[in-house]
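Trainee: Quick note on numbering: numbering that gives the first Met the number 0 labels position 329 of the sequence shown as 328, and the sequence is numbered without any gaps. The beta-carbon is built from N, C-alpha and C at its ideal position, and this holds for glycine as well. Keep in mind the model is a prediction, meaning the values are calculated, not measured.
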Amino acid sequence: MRSTYREVEVNKLGLTTQSTGRHTCDTMQLEKGSHDLVVALLGNPNTGKSTVFNQLTKLNQHTGNWAGKTVESACGTVCHQGKRLLLVDLPGTYSLCTNSPEEEIARDFLISGQADCTVIVADATCLERNLGLVLQTCQLFPRTVLCLNLMDEARRKKIHIDLSVLRQMLGIPVIPCSARTEEGLPELLDAVLKTAASTPRPTAIPYPPSAEDPQLDETRRMEIKAAAIVLRAEEIAGASVRMQSNAVQSRDRRIDRILTSRATGIPMMLLLLAGILFLTITGANYPSALLSDLLFGIVPLFESGLSALHTPAWLQSLLLDGVWEVLASVVSVMLPPMAIFFPLFTLLEDVGYLPRIAFNLDHAFCRVHACGKQALTMCMGFGCNAAGIVGCRIIDSPRERLIAILTNSLVPCNGRFPAMISLLVIFFTGTLSGRLRSLYSALILTGIMVAGVAATLFLSWLLSRTLLRGKPSSFTLELPPYRRPQVGQVIVRSIFDRTLFVLGRAILVAAPAGLLIWLLGNISINDISLLTLCADMLDPFGKFLGLDGVILLAFILGFPANEIVLPLVLMGYLSTGTLVEIGSLTDLAALLTANGWTAVTALCFILFSLFHWPCSTTCLTIHKETGSIRWTILAALLPTALGSFVCGTIHLISLLFL
């Protein structure tokens with residue numbers, strides 16, 4: 000009955016089994032093919048399970064120091080001793096008694112009987128918490144191996160684990176590992192092969208007689224069994240674990256008193272965010288100018304090559320002015336900030352700070368009847384809103400998950416930062432110099448991001464009072480220990496997984512957008528280009544928003560990617576559909592002010608960039624996650640309506656008082 004109710008609730012809200020993750024077991028009937036064994040990787044969230052998977056399979060499942068990253072299963076192959084093993088990385092789960100879609104995925108896959116062996120990845124630094132799942136699993140699936148991960152951290156924290164006692168009390172193989180350094184992984188594969196070929200007998204849990212008393216209802220019997228498992232886990236941990244020092248735990252608590260307290264948690268969060276933005280703005284200036292000079296500087300070489308091939312003049316203009324120069328502008332503007340922002344943000348993730356953000360904002364989200372986990376998906380949205388929306392699968396409640404999906408695009412993705420930074424420097428901090436200008440720009444940009452968070456809370460409150468009524472659900476938020484990040488891996492992962500991915504997407508959509516702008520600018524009716532005609536049609540509404548028709552047209556044509564909006568504005572002002580090189584912010588400022596821009600125009604542009612419809616990739620992701628055109632349209636209308644109201648109000652105030 001519980002599953003039926005969940006299905007009704009999910010369908011009523013318009014969510015799909017794709018977005019809840021429950022589709023995985025329906026679609027993932029594994030074909031062994033040439034594989035000799037199927038091995039399931041199971042474990043609590045944030046035990047390094049995906050790191051074990053990546054190291055063994057050499058794949059690239061996303062990892063980080065917070066719970067909930069794996070929202071559906073992933074598969075990979077590893078060869079060992081002439082055997083081909085198919086590894087299945089299941090979502091993190093605390094129990095086989097399911098309370099969330101992720102736990103349903105893990106449980107249902109194990110029950111399907113497809114796995115020849117189950118590897119439970121446990122955190123050696125907090126073994127007792129992990130033993131509940133270990134005991135549940137090995138009672139149901141005897142071919143189980145315990146991978147005791149994070150042994151390097153356990154040694155650093157002076158935690159000693161008696162492996163022989165642990166093996167004896169559990170009755171299953173126990174392999175100490177440190178996945179980040181690949182310590183113990185060959186031995187783990189040896190144990191998997193040996194266990195899959197044998198019939199081990201795990202030590203039985205001594206349940207009290209009342210656990211099988213037919214006079215008690217099923218719920219009460221389950222509670223008795225759960226209590227017995229907890230007591231057994233405590234007994235095993237007490238016999239096998241010895242802690243010599245509390246120094247590291249005390250250090251973590253001291254740090255948390257600053258980063259998660261009511262008095263200093265939010266200010267420290269804003270300070271860290273401002274610091275990241277300051278480093279991004281300061282470090283991106285010179286590389287951006289260098290890239291611009293390089294990419295625009297090779298245009299004459301292309302012209303010579305095309306002329307040598309006797310390419311028609313119109314085709315040369317289309318390729319160079321309409322496509323290449325748009326791509327050059329997108330790359331030079333986007334790549335340097337992303338190459339700095341993403342590694343810094345990933346460092347915070349690996350250190351373990353992101354769950355602290357969710358902890359700090361949990362009270363605010365509960366006040367608006369949303370889920371504190373929404374703060375984590377919001378943080379993912381700072382990199383890419385589409386990734387943040389997929390990340391909403393970690394939210395258990397369908398109602399709260401839908402609220403998070405509908406409001407995720409209110410936080411600025413990385414594609415909106417370059418234009419915001421340029422306009423801040425030109426119109427608000429241009430009179431300052433050096434690091435002071437970068438500092439003030441970072442502070443203002445932090446304020447803009449705070450405005451995005453405030454808008455997220457406001458619309459979450461509005462939705463929870465109207466279309467998506469309900470009370471906030473409780474959830475377990477695990478604060479992981481602070482960990483020393485592997486800087487080299489962080490840089491490589493952030494550059495290839497995030498920076499180049501987002502940049503590649505921008506390039507793919509910028510090329511056809513540049514082509515369209517060129518056509519609109521070069522096709523005329525009565526000596527007036529289509530670009531000018533379209534801009535003139537939109538001009539009245541644009542003026543109402545404190546913008547103009549060209550800016551509004553650029554936002555519309557920039558629907559494929561937010562990164563190309565400002566370059567499209569520049570092309571629109573030139574009226575020829577040709578993008579000239581903007582060699583410096585001074586050149587950009589001269590072009591904008593010549594077309595009537597003021598500080599109010601820049602402010603309205605920044606706010607409308609923050610509050611307008613999501614990009615095409617995000618809209619497609621919303622539709623995929625909700626399975627509903629209605630919710631997708633609403634997700635586009637909500638920020639647009641808010642942005643129109645805010646910009647219109649600011650423009651009206653400026654007319655009255657400035």
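Indicate the three-state DSSP secondary structure (helix, strand or coil) for P175 in the structure shown.
Mentor: Looking at P175 - three-state DSSP - the assignment turns out to be strand.
Trainee: Give every residue of the same chain whose Cβ lies closer than 7 Å to the Cβ of G594, excluding the five residues on either side of it in the sequence, and list them in chain order.
Mentor: Strictly speaking, residue 594 in this sequence is Asn, with Gly absent from that position. Hits under 7 Å: Y572.
Trainee: Just to check my reading of the structure: I235 and L343 have Cβ atoms closer than 8 Å, yes? What is that Cβ distance to the nearest angstrom?
Mentor: So it is not a contact: roughly 41 Å between Cβ atoms.
Trainee: Taking only the alpha-carbon atoms, compute the straight-line gap between T376 and W313 and give it to the nearest angstrom.
Mentor: Rounded to the nearest angstrom, the two C-alpha atoms are 46 Å apart.
Trainee: Which runs of the alpha helix (DSSP H) spanning at least 4 residues fall entirely within the stretch 396–438, listed in chain order?
Mentor: With a minimum length of 4 residues, the continuous alpha helix (DSSP H) runs that stay inside the stretch 396–438 are 397–406, 416–426.
Trainee: Could you check whether I110 and C137 sit closer than 8 Å to each other, using their CB atoms as the reference points?
Mentor: Contact: no.
Trainee: On the CB-based measure, 16 or more other CB atoms within 10 Å of its CB, does L591 come out buried or exposed?
Mentor: Buried, by the Cβ-count rule.
Trainee: Span of the alpha helix (DSSP H) holding G387?
Mentor: Its alpha helix (DSSP H) spans residues 384–390.
Trainee: Alpha carbon to alpha carbon, what distance is there between V645 and R464?
Mentor: Rounded to the nearest angstrom, the two C-alpha atoms are 22 Å apart.
Trainee: On the criterion of 16 or more Cβ atoms from any shown chain inside 10 Å, does A453 qualify as buried, or is it exposed?
Mentor: The residue in question, A453, is exposed, as its Cβ has fewer than 16 Cβ neighbours within 10 Å.
Trainee: Can you list, in chain order, the residues of its chain whose CB lies under 7 Å from that of L12, leaving out five sequence neighbours each side?
Mentor: Caution is warranted here: a pLDDT of 40 is assigned to L12, below 50, making its placement in the model unreliable, and the coordinate value is therefore given only provisionally. Hits under 7 Å: P397, R398, L401.
Trainee: Quick one: what does DSSP say K470 is sitting in, helix, strand or coil?
Mentor: K470 falls in the coil class under three-state DSSP.
Trainee: Tell me which residue opens and which closes the alpha helix (DSSP H) that L334 is part of.
Mentor: Taken as a continuous stretch (DSSP letters only), the alpha helix (DSSP H) holding L334 covers 324–350.
Trainee: Between which residues of its own chain and D35 is the CB-CB distance below 6 Å, once the five residues before and five after are set aside?
Mentor: K82, R83.
Trainee: So what does DSSP say about S111, is it helix, strand or coil?
Mentor: S111 falls in the coil class under three-state DSSP.
Trainee: In the structure shown, what three-state DSSP assignment does H650 receive?
Mentor: Three-state result, H650: helix.
Trainee: From this set, L40, A227, T56, which residue's C-alpha is nearest L147's C-alpha?
Mentor: L147 has its Cα closest to that of L40, out of L40, A227, T56.
Trainee: Touching or not, the stretch 629–648 and the stretch 602–619, by the rule of three or more beta carbon pairs under 8 Å?
Mentor: Yes: at least three Cβ pairs fall under 8 Å.
Trainee: Count the other CB atoms, across all protein chains shown, that sit within 10 Å of the CB of K193; report buried if there are 16 or more and exposed otherwise.
Mentor: That one is exposed.
Trainee: At what residue ranges does the stretch 593–648 contain a whole run of the alpha helix (DSSP H), taking only runs of 4 or more?
Mentor: Complete alpha helix (DSSP H) runs here, min 4: 598–609, 615–625.
Trainee: Is it buried or exposed for I550, if we count other Cβ within 10 angstroms and need 16 for buried?
Mentor: That one is buried.
Trainee: Measuring alpha carbon to alpha carbon, tell me which of D216, A203, C176, R142 ends up nearest T124.
Mentor: Measuring from the Cα of T124, the nearest candidate turns out to be C176.
Trainee: Give the C-beta separation of L423 and S440 to the nearest angstrom, bearing in mind that I take them to be a contact with Cβ-Cβ under 8 Å.
Mentor: Their Cβ separation, rounded to whole angstroms, is 5 Å, which keeps L423 and S440 in contact under 8 Å.
Trainee: Round the Cβ separation of V329 and A509 to the nearest angstrom and send it over; I've been treating them as touching at under 8 Å.
Mentor: Sure, about 5 Å apart at Cβ, within 8 Å.
Trainee: Would you kindly check if the distance between the Cβ of V87 and the Cβ of V164 is under 8 Å?
Mentor: No, these two residues do not count as a Cβ contact at 8 Å.
Trainee: Just to confirm the assignment: which complete beta strand (DSSP E) runs, minimum length 3, are found wholly within the stretch 218–297?
Mentor: Here the runs fully enclosed are 240–242.
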